[in-house]
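Just below is one structure, and these are the notes that go with it.
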Amino acid sequence: MGKYSLKKSEHLRKNSDFRRVYSKGKSCADHFIVLFVLPNDLGRNRIGLSVSKKIGKAVKRNRVKRLFREVYRLNKDKLIQGFDLIFLARKDVVNLDFPKMERSILRLYKRAKILKPQAAGSRLQNKLEA
RNA sequence: GGGGUAGAUCGGGUGAUCGUCCGUCCGUCAUAAUUAUGACGGACGGGAGGAAAGUCCGGGCUCUACAGGGCAGCGUAGCGGGUAAUACCCGUCUCCGUCCCCAACAGGGACGGACGGAUAAGAGCCACAGAGACGAGCAACCACGGAUCUCACGGAUUUUUUUAACACGGAUCUCACGGAUAAUAUCUGUGUAAUCUGUGAUUUUAAUCUGUGUAAUCUGUGGUGAUAUGAAACGAGGCAAUCUCUACGCGGAGCAAGGCCAAAUAGGGGAAGAGAGACGGCCCGUCUCACUAUCAUUCCCGGGUUGGCCGCUUGAUCCGUCCAGUAAUGGACGGACUAGAUAAAUGAUCAUCACUCGCCAAAGGCGAGAUAUAUUCCCGCCAGUGGCGGGAACAGGACCCGGCUUAUAGAUCUACCCCAGAA
RNA sequence: GCGCCUGUAGCUCAGGGGAUAGAGCACUAGCCUCCGGAGCUAGGUGUCGGGGGUUCAAAUCCCUCCAGGCGCG
2 MGKYSLKKSE HLRKNSDFRR VYSKGKSCAD HFIVLFVLPN DLGRNRIGLS VSKKIGKAVK
62 RNRVKRLFRE VYRLNKDKLI QGFDLIFLAR KDVVNLDFPK MERSILRLYK RAKILKPQAA
122 GSRLQNKLEA
């Protein structure tokens with residue numbers, strides 16, 4: 002598996018998976034995104050995306066989901082493995098571009114305490130300082 | 001060169017890195033062990049739209065009777081054509097609107113719009129206003145005629161009453177004067193005033209008759225349309241986007257259709273009883289399963305799974321040429337293969353080229369001004385060069401097509417019109 | 001995918017061809033009260049979701065678009 006790949010097997014797809022993460026997982030949020038986290042016993046991470054019709058029409062929703070996927074894919078080497086994650090979009094997320102969303106998601110990672118210890122230093126710090 | 005209208009086409013390009021979906025081929029591993037499946041990796045090829053949207057119509061396809069009859073219901077509506085079909089498209093007639101020609105009317109032309117059948121059967125509505133609102137007569141006005149009656153004028157007659165005034169007479173009484181008497185009392189004469197009464201005449205009023213004029217009411221005949229109304233005045237009115245009628249069309253559900261495999265749950269409750277279901281509103285008709293009973297059947301409720309495969313992309317497909325047709329469109333020939341996802345694939349970052357907007361810089365042209373003049377200074381405008389920064393629409397397949405409607409920055413081409421400039 | 005409903009004053013709703021579009025609450029002003037509340041009186045408030053059409057006349061009928069909501073599989 003490539004370092005920055007994102008296959009279908011890493012997606013949460015069943016309704017029961019989503020409900021399990023929503024009810025039993027921890028959540029943290031900012032103005033744009035709600036992140037749900039629940040440990041699984043697979044030894045790798047899986048993500049689910051939830052963008053409701055309140056966000057906008059199909060083009061806007063697809064763009065938000067693509068940005069979610071891109072940010073997760075390019076930062077997946079910093080995460081501790083073994084979690085199910087759900088990104089829930091809030092209404093203001095439409096105005097975000099890629100760097101703003103990356104900063105927002107990395108902050109949420111840090112608050113959810115799923116960042117690898119050594120990764121918490123270098124790149125995130127650079128981004129935040131920049 | 002700029003602007004407008006109409007139509008057609010396109011709707012960012014190129015490159016790098018990382019990543020995604022599908023197909024073909026290959027490699028490693030696992031399972032059954034030719035080969036297939038799954039996971040991971042690699043190479044190559046392909047990968048959203050003109051509206052993919054809204055779901056307003058029409059079809060294909062699938063199941064239900066290869067979809068049957070009647071009623072009900074729904075839809076369409078000049079005529080002709082196109083099409084698989086339509087509420088779509090094309091042509092044309094009629095009507096309406098705008099503009100132009102014409103001094104004006106008539107007429108003609110251009111453009112745009114129209115759910116544009118009902119002559120024949122019926123029902124309903126037509127507020128307010130108005131005398132009158134759809135088949136019935138009322139009222140108004142005018143003309144003629146009649147009846148009743150009011151008023152005015154003229155004439156005639158009659159009557160009584162009242163009032164007013166006049167004339168005359170009578171009675172009573174007051175006052176004045178004169179006379180008689182003894183007397184201021186009484187009697188008497190004259191004049192005057194008041195009251196009552198009689199007579200005469202005039203005027204007014206009332207009644208009757210008659211003539212003329214006028215007004216009102218009733219009535220007969222004929223005519224009229226002013227006012228009012230959206231329209232209308234005995235016309236076979238208007239509205240059928242009110243019901244209805246006529247003609248034509250429509251069976252129903254929808255890819256979560258439908259079929260197969262795997263897994264899981266339950267063997268539960270209720271109803272029916274010779275019928276039940278397909279069948280969607282009703283009736284008929286057809287087909288299937290049953291037709292003697294704590295069994296079995298059918299239906300409903302409840303319970304479980306909500307995984308995979310097929311359907312799934314070659315099709316009324318697209319492109320080019322020729323022919324037929326006013327056109328929509330059709331035919332022939334040649335070529336092409338162009339997404340098949342399913343918590344749902346096209347993205348992110350960077351560079352660059354074009355498009356556009358703003359700012360800055362240097363030099364150029366033109367115009368005006370300052371200076372005695374000028375190669376100098378300043379201001380404004382113009383096109384082009386360089387740099388920096390920003391913007392780049394509407395919008396994402398979900399079985400597939402044909403239309404319609406709506407959203408849409410900009411670019412190109414064609415036709416027409418207007419403005420400016422040059423020859 | 002299919003079907004249905006709603007949009008009228010600031011809010012909740014009536015009105016289903018002829019109205020100056022109405023009711024309640026709210027708002028404003030006045031009276032009352034020492035003040036406020038309650039009460040009484042008066043008043044303002046509308047592109048009837050947008051556009052087009054039928055009609056003499058449209059909130060109402062027809063077409064189309066927009067926004068919101070609901071149901072079934």
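Using my numbering, the letters of the first sequence correspond one by one to residues 2 to 131. Cβ coordinates follow ideal geometry from the N, Cα and C atoms, glycine included.
Quick one: which unbroken alpha helix (DSSP H) runs of 4-plus residues sit fully inside the region 34-98? Chain order, please. 59-75
Say whether the region 57-65 touches the region 17-27, bearing in mind that this needs 3 or more beta-carbon pairs closer than 8 Å, one atom from each stretch. no
Quick check on DSSP: helix, strand or coil for L109? As a first step, residue 109 must be located in the first sequence, where it is residue number 108. Correct three-state label for L109: helix.
Terminal residues of the continuous alpha helix (DSSP H) containing K25? Indexing the first sequence from 1 puts residue 25 at position 24. Where K25 is concerned, the enclosing alpha helix (DSSP H) stretches over N16 to K25.
Flag this pair as yes or no: are the beta carbons of G57 and D18 separated by less than 8 Å? Looking up residue 57 in the first sequence gives position 56. Looking up residue 18 in the first sequence gives position 17. Result no, Cβ atoms of G57 and D18 do not sit closer than 8 Å.
Leaving out five residues before and five after E11 in sequence, what residues of the same chain have Cβ atoms less than 8 Å from its Cβ? Start at 1 with the first residue of the first sequence, and residue 11 comes out as number 10. Taken in chain order, the residues that qualify are R45, N46, R47 and I48.
Selection from L86, L13, K54 and H32 that minimises the alpha carbon distance to L116: As a first step, residue 116 is located in the first sequence; it is residue number 115 there, counting from the start. Nearest C-alpha to L116: L86.
Beta-carbon spacing of R74, I34 below 8 Å: Locating residue 74 in the first sequence gives position 73, where the first residue counts as 1. Locating residue 34 in the first sequence gives position 33, where the first residue counts as 1. Not in contact: R74 and I34 (Cβ atoms no closer than 8 Å).
Distance check for S51 and F84, CA to CA, integer angstroms please. In the first sequence, the residue the question calls residue 84 occupies position 83. In the first sequence, the residue the question calls residue 51 occupies position 50. Their Cα atoms are separated by approximately 17 Å.
Q82 versus V95 - alpha carbon distance: Position 81 of the first sequence, counting from 1, holds the residue named residue 82. Position 94 of the first sequence, counting from 1, holds the residue named residue 95. For Q82 and V95, the distance between alpha carbons rounds to 29 Å.
Same chain only: Cβ atoms within 7 Å of K55, ignoring 5 sequence neighbours per side: On the first sequence, position 54 is the one that residue 55 refers to. If we look at K55 and ignore the five residues flanking it on each side, its Cβ neighbours are K92.
Under 8 Å between C-beta atoms of L80 and C29: Translated into positions along the first sequence, residue 80 becomes position 79. Translated into positions along the first sequence, residue 29 becomes position 28. Contact flag unset, no.
By Cβ distance, which residues of its chain are closer than 8 Å to R112, with the 5 residues on each side in sequence left out? Taking the first sequence and counting its residues from 1, one reaches residue 112 at position 111. Hits under 8 Å: C29.
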